Amino acid sequence: MPPHDCELIRLTFPAQPVAAFTALAFAVAGVWTMSRRRTTGALVFGLTLVVLGATSFWFHAGAGASSP
785 MPPHDCELIR LTFPAQPVAA FTALAFAVAG VWTMSRRRTT GALVFGLTLV VLGATSFWFH
845 AGAGASSP
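In this note's numbering, the protein residues as written are 785 to 852.
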């Protein structure tokens with residue numbers, strides 16, 4: 785039985801293009817959130833989205849270093 789993953793892992797960069805580039809939407813939303821509201825909560829939430837999007841892109845672009 786093949787291992788399950790978000791999408792087929794390719795041998796090129798990015799390994800999972802759909803998952804990688806849709807993850808960047810979180811980073812874009814974070815930047816937008818931080819630019820629209822200057823409250824502490826909005827800045828923390830926006831920064832969290834940026835970090836989530838960037839790390840998710842990194843994971844899916846490389847398909848996780850431990851993926852087969």
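Just so it is clear, CB atoms sit at the ideal spot from N, CA and C, and this is done for glycine as well.
Note that the structure is a prediction, hence the values are computed from the model and not measured.
| Looking at Leu-808 and Met-818, is the spacing between their C-beta atoms short of 8 Å? | Between Met-818 and Leu-808, the CB-CB gap reaches or exceeds 8 Å.
| Would you report the Cα separation of Ser-851 and Ala-813, rounded to the nearest angstrom? | Below a pLDDT of 50, predicted positions are generally treated as unreliable, and Ser-851, at 48, falls in that range; no measurement from the model is reported.
| Buried or exposed: which applies to Leu-833, given that a residue is buried once 16 or more other Cβ atoms fall within 10 Å of its Cβ? | By the neighbour-count rule (16 or more Cβ atoms within 10 Å), Leu-833 is buried.
| field | Where Gly-825 falls, given that 16 or more other Cβ within 10 Å makes a residue buried | value | By the C-beta density criterion, Gly-825 is exposed, having fewer than 16 other C-beta atoms within 10 angstroms.
| How long is the line joining the alpha carbons of Ala-845 and Thr-823, rounded to whole angstroms? | About 33 Å.
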